[in-house]
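Q: One structure, as structure tokens, below. Some questions next.
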Amino acid sequence: MRFEVAGKAYSAARVWINEVPANAAHPTNAGTYFRLTCNGEAAVTNPFCCVELFIPMGGMAAYGRLGAWFVPDSQGGDLAVSIESGQEGAVYTGDALASKTDAIRLGLDDEMTAALAEHVSRAASPFHGLPPGALSFGWAAQGDVGTSVSTISLLADAIYWLLVHPGPPPSADQFRDAFDRRFAA
665 MRFEVAGKAY SAARVWINEV PANAAHPTNA GTYFRLTCNG EAAVTNPFCC VELFIPMGGM
725 AAYGRLGAWF VPDSQGGDLA VSIESGQEGA VYTGDALASK TDAIRLGLDD EMTAALAEHV
785 SRAASPFHGL PPGALSFGWA AQGDVGTSVS TISLLADAIY WLLVHPGPPP SADQFRDAFD
845 RRFAA
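What the sequence shown shows, in the working numbering, is residues 665 to 849, in sequence order.
Set out below in structure tokens:
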């Protein structure tokens, strides 16, 4: 399922649920790996998701794309988290939401990879509520100018919301309402 939405706090978002973006494959570096103690309070209902976000801010715009996939581990244990890093110079030439205002790079650079790892692993992170398994972040893109730590954190929160959304995958309207209420406050 794929949809595009526009909300109060952002100009456009593209969302993929239980499918991979067509242009997601790109060269990656090893990235970052770590383990989280998890309590399994949240059930993962949408194991594949990706969000691309464009937020105009005067003469520039915040931009980012982040995807994740979850594989459960029925044996229990921790949550193994991996974050793919982009390769230096991997330029995105597709139809990114910010391609008219920024040079888009595939993957996350070291700064954004570290920011995502910190956001996911912080003590108050909802990611600790996932069940045991493997959570991988990838399918990412960032702007040379418009991607910040807060953009990556916003995308991670949206990914978590999609992973654990109860019932059937959320509609475009549900995503827009939740994003406006929870993530863009």
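Cβ atoms here follow ideal geometry from the backbone N, Cα and C, with glycine treated the same way. On a predicted model such as this, the values are computed, not experimentally measured, just so you know.
Between Ala-760, Asp-821 and Gly-722, which has its C-alpha nearest Arg-845's C-alpha?
A: Reading the sequence shown from its first residue, position 181 is the one you call residue 845. Among Ala-760, Asp-821 and Gly-722, the Cα nearest to that of Arg-845 belongs to Asp-821.
Q: Give the C-beta separation of Glu-683 and Arg-666 to the nearest angstrom, bearing in mind that I take them to be a contact with Cβ-Cβ under 8 Å.
A: Here residue 683 refers to the residue found at position 19 of the sequence shown. Here residue 666 refers to the residue found at position 2 of the sequence shown. The Cβ separation is near 7 Å, so the contact holds.
Q: Residue range of the alpha helix (DSSP H) that Val-745 falls in?
A: Looking up residue 745 in the sequence shown gives position 81. That residue, Val-745, is in no alpha helix (DSSP H); its beta strand (DSSP E) goes 743-750.
Q: Can you list, in chain order, the residues of its chain with a C-beta nearer than 7 Å to that of Tyr-878? Leave out the 5 residues immediately preceding and following it.
A: Because the chain spans 665 through 849 in this model, residue 878 falls outside it and cannot be assessed.
Q: When DSSP labels each residue in this structure, what does Pro-736 get in the three-state scheme?
A: Here residue 736 refers to the residue found at position 72 of the sequence shown. Strand, per DSSP.
Q: For Gly-797, which residues of its own chain have a beta-carbon under 7 Å away from its beta-carbon, when the five flanking residues on both sides are left out?
A: Translated into positions along the sequence shown, residue 797 becomes position 133. So the qualifying residues of the chain are Phe-734, Val-735, Pro-736, Asp-737 and Leu-743.
Q: Between Met-776 and the rest of its own chain, which residues show a CB-CB distance below 7 Å, the 5 nearest in sequence each way excluded?
A: What you label residue 776 is simply residue 112 of the sequence shown in a count that begins at 1. Here the set comprises Gln-806, Thr-811 and Ile-816.
Q: Put Ala-707 into one of helix, strand or coil per three-state DSSP.
A: Looking up residue 707 in the sequence shown gives position 43. Looking at Ala-707 - three-state DSSP - the assignment turns out to be coil, as it is neither helix nor strand.
Q: Out of Gln-838, Val-809 and Phe-843, state which residue places its alpha-carbon closest to the alpha-carbon of Met-724.
A: Numbered from 1 along the sequence shown, position 60 holds the residue referred to as residue 724. The option with the nearest alpha carbon to Met-724 is Val-809.
Q: In terms of residue numbering, what span does the alpha helix (DSSP H) encompassing Gln-721 cover?
A: Numbered from its first residue, the sequence shown carries residue 721 at position 57. Correcting the residue type first, residue 721 is Met in the shown sequence and not Gln. Careful: Met-721 lies outside any alpha helix (DSSP H), inside the beta strand (DSSP E) at 712-721.
Q: For Ser-800, report the span of its beta strand (DSSP E) as first-last.
A: For this step, residue 800 is matched to residue 136 along the sequence shown. Where Ser-800 is concerned, the enclosing beta strand (DSSP E) stretches over 797-807.
Q: Mapping the DSSP letters down to three states, classify Gly-695 as helix, strand or coil.
A: Here residue 695 refers to the residue found at position 31 of the sequence shown. In this structure, Gly-695 counts as strand in the three-state DSSP scheme.
Q: Select from Trp-803, Gly-758 and Met-721 the residue whose C-alpha is nearest the C-alpha of Asp-773.
A: The count along the sequence shown starts at 1 and reaches residue 773 at position 109. Checking every option, the nearest Cα to that of Asp-773 belongs to Trp-803.
Q: State buried or exposed for Gly-758, treating a residue as buried only when at least 16 other CB atoms are found within 10 Å of its CB.
A: Taking the sequence shown and counting its residues from 1, one reaches residue 758 at position 94. The residue is exposed, with fewer than 16 neighbouring Cβ atoms inside 10 Å.
Q: Give every residue of the same chain whose Cβ lies closer than 6 Å to the Cβ of Val-813, excluding the five residues on either side of it in the sequence, and list them in chain order.
A: Residue mapping note: residue 813 aligns to position 149 of the sequence shown, counting from 1. Excluding sequence neighbours, Val-813 sits near Ala-779.
Q: Hey, out of Val-708, Ile-719, Gly-771 and Val-755, whose CA is closest to Gly-831's CA?
A: Here residue 831 refers to the residue found at position 167 when the sequence shown is read from its first residue. Considering only alpha carbons, the answer is Val-708.
Q: Can you tell me whether Gly-741 is buried or exposed, with buried defined as 16 or more other CB within 10 angstroms of its CB?
A: Locating residue 741 in the sequence shown gives position 77, where the first residue counts as 1. That one is exposed.
Q: Ser-675 and Leu-730 - do their beta-carbons sit closer together than 9 Å?
A: For the purposes of this step, residue 730 is taken as the residue at position 66 of the sequence shown. For the purposes of this step, residue 675 is taken as the residue at position 11 of the sequence shown. No, the pair does not count as a contact, with Cβ atoms beyond the cut-off.
Q: Please state whether DSSP places Glu-668 in a helix, a strand or coil.
A: Indexing the sequence shown from 1 puts residue 668 at position 4. DSSP places Glu-668 in strand when its eight states are reduced to three.
Q: Let me check understanding here. Comparing Cα to Cα, which of Ser-746, Tyr-727 and Ala-836 lies closest to Asp-766?
A: In the sequence shown, residue 766 corresponds to position 102, counting from 1. With distances taken between Cα atoms, Asp-766 lies closest to Tyr-727.
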